[in-house]
């Protein structure tokens, strides 16, 4: 048995994101990530199924938090307010991730068509799950799908601004601001 | 040279959509589509690069019309009004397609993960092109991306309702209605 490693997972994420940024995602192997993190390849595979999961491993938990917050929003909330509650929960979770790593993740995904596709598919899954939750709250179609899809457009925009921004505003504030921009925009035409 | 065929392209589309619906997209070959349409396989490949292009062949033209209408919207139009003009142009183009074929297309894509992925990628391309056009109109970020992305959510919802609907409302009307639902939704929370 190897020496106990404090937070191997975190170091693997950090090493992976640096390598993806330096060499490109396709040119990086799990063995190289493990080497840079100072762990064995076996340790890499104990934490991640493959090198793509370093980027998307948190999405099941994110969807769970998002959906739970939409489901538990106060009864009087309109569909977009319920989605806003979900976005708030997502921001709380994602905001725990280091901002510099979030920025690297964003850049790596933006540079690779297959990863962009994967990110879009995840967002579409979140939107479909949120729309289903809104229907369970009694929201009819097409309102449920429109609120879920329009609401989900806030997430990548807010993440991009948060990661790129020079300020120390937290992600929850950025999400609220972007959602307010969306409301203002739709109101003004 | 074979006998001249009136509207081989239209018959190929119709044959392809029937076969995709009956057997599934993956289980259908170009040869089978050609046979059902009563043309040679060579004629199929004169009209379409592959069997996927039967479903997505119109997307370059659609994007062109959408972007042109956004670019040419009156100067005083807000971002979402400019996007609405683009959606109107898209509806005019797509509304020329037979409603029963549009319904079949919708069902075929919904049943196949790879095709859904492809449809999502097309919508993301439209949104990116529309956002770029809004920026050229002087709309800042994040408003340009939010207006483009939120506006594009209207298109699949409207197409789905138009194709499924029992009424004889034309697609332009359905697009306007769905956009009005989006506005009402965002206004009411």
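Chains as they are written, first to last, in this note's numbering: chain A, 1 to 189; chain B, 190 to 378. C-beta: ideal position from N, C-alpha, C; glycine also.
Asked, Found
"Between the Cα of residue 58 (chain A) and the Cα atoms of A:94, A:19 and A:67, which residue gives the shortest distance?", "A:94"
"Kindly list the residues whose CB is nearer than 7 Å to the CB of residue 236 (chain B), restricted to its own chain and excluding five residues on each side of it in sequence; keep chain order.", "197, 198 and 201"
"By the three-class DSSP mapping on this structure, what secondary structure does residue 125 (chain A) have?", "helix"
"With 16 other CB atoms within 10 Å as the buried threshold, where does residue 191 (chain B) fall?", "Residue confidence for residue 191 (chain B) is low, a pLDDT of 48 falling below 50, so the modelled location carries little weight and cannot support an answer."
"Taking buried to mean at least 16 other C-beta atoms within 10 Å of its own C-beta, is residue 14 (chain A) buried or exposed?", "buried"
"If you measure beta-carbon to beta-carbon, which residues of the stretch 326-338 of chain B are closer than 7 Å to chain A?", "331, 332, 334, 335, 336 and 338"
"Shortest alpha-carbon distance to residue 209 (chain B) belongs to which of B:293, B:223, B:270 and B:273?", "B:293"
"With 16 other CB atoms within 10 Å as the buried threshold, where does residue 352 (chain B) fall?", "buried"
"Check distances from the C-beta atoms of the stretch 362-377 of chain B to those of chain A and list, in chain order, the residues that come in under 7 Å.", "367, 370, 371, 372, 374, 375, 376 and 377"
"What are the start and end residues of the alpha helix (DSSP H) that includes residue 215 (chain B)?", "From DSSP, residue 215 (chain B) is part of no alpha helix (DSSP H); its letter is neither H nor E."
"With burial defined as no fewer than 16 other Cβ atoms inside 10 Å of the residue's Cβ, what is the status of residue 261 (chain B): buried or exposed?", "exposed"
"Count the other CB atoms, across all protein chains shown, that sit within 10 Å of the CB of residue 76 (chain A); report buried if there are 16 or more and exposed otherwise.", "exposed"
"Quick check: the Cα distance between residue 133 (chain A) and residue 67 (chain A), rounded to an integer number of angstroms?", "7 Å"
"For residue 46 (chain A), report the span of its alpha helix (DSSP H) as first-last.", "41-47"
"According to DSSP, is residue 342 (chain B) part of a helix, a strand, or is it coil?", "coil"
"Using a beta-carbon distance cut-off of less than 8 Å, what residues from the stretch 57-81 of chain A approach chain B?", "77, 78, 79, 80 and 81"
"Have a look at residue 83 (chain A) and residue 70 (chain A) and give me their C-alpha separation to the nearest angstrom.", "6 Å"
"Looking only at C-alpha atoms, which of B:350, B:315 and B:334 sits nearest to residue 158 (chain A)?", "B:334"
"Under 8 Å between beta-carbons, which chain A residues line up against residue 310 (chain B)? List them in chain order, please.", "117 and 120"
"Determine the closest residue to residue 174 (chain A) out of A:185, A:160, A:187 and A:152, with distance taken between C-alpha atoms.", "A:160"
"Are the C-beta of residue 191 (chain B) and some C-beta of chain A separated by less than 9 Å?", "With a pLDDT of only 48 at residue 191 (chain B), under the threshold of 50, the placement of this residue in the model should not be trusted; the figure read from the coordinates follows. Answer no: the Cβ-Cβ gap between residue 191 (chain B) and chain A never drops below 9 Å."
"Using a Cβ cut-off of 7 Å, pull out every chain B residue sitting near residue 111 (chain A), in sequence order please.", "By Cβ distance, chain B contributes nothing, its closest Cβ being about 15 Å from residue 111 (chain A), past 7 Å."
"What is the DSSP secondary structure of residue 2 (chain A), reduced to helix, strand or coil?", "Any reading at residue 2 (chain A) is ruled out, since the residue's pLDDT is 48, under 50, leaving its predicted position unreliable."
"Between which two residues does the alpha helix (DSSP H) containing residue 272 (chain B) stretch?", "268-283"
"Could you tell me whether the stretch 113-121 of chain A touches the stretch 299-314 of chain B, where touching means 3 or more Cβ pairs closer than 8 Å?", "yes"
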